[in-house]
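Below is one structure, written out as structure tokens; comments come after it.
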Amino acid sequence: EGDDLTEEDAPQEPEESQESEEAQEPEEGAISGVVEGPTPEARVSEVSVEAAGSVGGRAQGLPHVVKRRINALKNLQAEYAQIEAQYYKDLYSLERKYAALYQPLFDKRSDIINAIYEPTEDECQWEVGVQKGVCEETESEPEGKPPVNGIPHFWLTAFKNIKILRKLIQENDELILAHLKDVKIKFSGVEEPKSFTIEFVFKSNEYFFNEVLTKTYHMRSQPDDSDPFFSRGPEIISSSGCKIYWKQGKNVTMKILNLQQCEGHGSVVSTIYEVPSYSFFIYFYPPDSPQGRLLGVAVDYELGCIFRDFLVPKPVLFFTKEAIECYYEDSDEESQESAKRGKEKQDQQPKANSYEAEATQT
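Its first residue numbered 5, the sequence shown is counted upward by one per residue in the working numbering.
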């Protein structure tokens, strides 16, 4: 049943969430500003060179012969960009090679988390760089209680130790994410358009029929008309999620509002609206859908890089909070640049004006 609300009480979550998520300042538990390519080399800052006799940093008023030479330099720069694109292609091949080498470790990690494999006594010994906190807080097993299997809520805990995810995950989402078994990254083939897919593997649950939810990020991996000099290296240019087959009444990305309006003679007319609701699972909706607009392009792309570069490779360090300090020392400047670029892309997307305008089917 929907909540009884007046028009003035109708929530304004879409506008708030878009503004707050894009320009967040980094703080404990957050990772931000990783929107561009997979390596620091791929994140090239734009340099503005002030030429002699130029106006506003542009080579204006220069002799014709000098302008011709500048054009020659640009052609050389374009050739450099082609070689650089090949460098990133080779680097991507190397990334795929090592992804295959990492996979057995990730498989064993999943088996331990999900109580398929119990590590040996030797495997459970860890003394190097142990920090105070989770790793040292040992308690005796309470008598009369069944033993704990695997590592309960492993991925949910790791997610919530990152600010951008913690703000996205709602109370209803936690009940669903408790069923999350594994998160995987799949890379496209070397000769295919560059992309990576994040797979979220779930146990059978009461919320949706899918066993796996996917999110794919498509990348620009070579110079084109929009960036002939490949100044930013590989970057995400679009994303696509998957359809979630929700079970009856379990769609946490939509909610029902009962708006009451007073009419003549003291009568009250109730109007039922089904509107998008802020949730972790809006992450899987198209960017131009009502749910996708709640997330925003900048946050979407940032989440993709967080999963690819940090969470999936090293989730235990986020589970224990050991990753927070070492991954966040130099992120302030990158976060501001990331938010700026993402905002430019998001401004090109259609925006929802109100919840009522965005009422859609589940």
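Even for Gly, the Cβ is constructed at its ideal location relative to N, Cα and C. Only a predicted model underlies this, so the values are computations on that prediction, with no experimental measurement involved.
Label residue i either buried or exposed according to how many other C-beta atoms from any shown protein chain fall within 10 Å of its C-beta, with 16 as the threshold for buried.
i: Y84; result: exposed
i: S243; result: buried
i: K198; result: buried
i: V216; result: exposed
i: L109; result: exposed
i: K167; result: buried
i: Q86; result: exposed
i: S225; result: buried
i: E210; result: exposed
i: D111; result: exposed
i: G308; result: buried
i: R72; result: exposed
Alpha carbons only, please: which of the options is nearest the one belonging to residue i?
i: Q81; options: F314, K251, P232 and Y282; result: P232
i: K219; options: F204, L160 and S225; result: F204
i: R100; options: E267, Y282, S208 and I189; result: I189
i: D434; options: Q64, G65, A89 and R72; result: Past the edges of the chain, shown from 5 to 366, lies residue 434, and the structure says nothing about it.
i: Y121; options: E131, Y96 and N153; result: N153
i: I202; options: V279, T324, V256 and I310; result: I310
i: M223; options: K325, E178, E239 and R73; result: E239
i: E278; options: V256, G270 and Y249; result: V256
i: K185; options: L160, N176, R236 and V194; result: L160
i: F213; options: I248, P123 and F200; result: I248
i: I116; options: P156, K251, K207 and N176; result: P156
i: E196; options: K254, A104, K93 and S230; result: K93
i: F322; options: E175, N165 and K78; result: N165
Could you compute how far the alpha carbon of residue i sits from the alpha carbon of residue j?
i: Y332; j: V303; result: Only weak support is given to the placement of Y332: the predicted model assigns it a pLDDT of 49, under 50, and the question is left unresolved by the model.
i: F285; j: D126; result: 39 Å
i: G37; j: D313; result: Here the model assigns G37 a pLDDT of 38, short of 50, so the residue's position is not dependable, and the following value carries that caveat. Cα-Cα distance, rounded: 12 Å.
i: F163; j: L169; result: 6 Å
i: I241; j: S274; result: 43 Å
i: L261; j: L98; result: 51 Å
i: Y2; j: F158; result: Any answer about residue 2 is impossible in this case: the structure gives the chain only from 5 up to 366.
i: C246; j: F234; result: 30 Å
i: P151; j: L299; result: 39 Å
i: Q251; j: S208; result: It is Lys, not Gln, that sits at residue 251 in the sequence shown. One C-alpha to the other measures close to 12 Å.
i: C266; j: I276; result: 15 Å
i: S192; j: F200; result: 6 Å
i: L172; j: A104; result: 31 Å
i: E131; j: V316; result: 24 Å
i: Y289; j: P67; result: 54 Å
i: Y221; j: V187; result: 15 Å
i: Q174; j: K78; result: 50 Å
i: R113; j: T124; result: 13 Å
So what's residue i in DSSP terms, helix, strand or just coil?
i: D334; result: Caution is warranted here: a pLDDT of 44 is assigned to D334, below 50, making its placement in the model unreliable, and the coordinate value is therefore given only provisionally. Coil.
i: K207; result: coil
i: F234; result: coil
i: D228; result: strand
i: Q81; result: helix
i: S97; result: helix
i: P388; result: There is simply no residue 388 to check, as the chain begins at 5 and stops at 366 in what is shown.
i: W159; result: helix
i: V152; result: coil
i: V132; result: coil
i: H222; result: strand
i: P317; result: coil
i: D126; result: coil
i: V256; result: coil
i: L66; result: coil
i: I240; result: strand
i: C246; result: coil
i: F323; result: helix
i: Q264; result: strand
i: V301; result: helix
i: E197; result: Contrary to the premise, residue 197 reads as Pro rather than Glu in this sequence. In this structure, P197 counts as coil in the three-state DSSP scheme.
i: F213; result: coil
State yes or no: is the beta carbon of residue i nearer than 9 Å to at least one beta carbon in chain D?
i: F212; result: Given the protein chain composition of this structure (a single chain), no chain D is represented.
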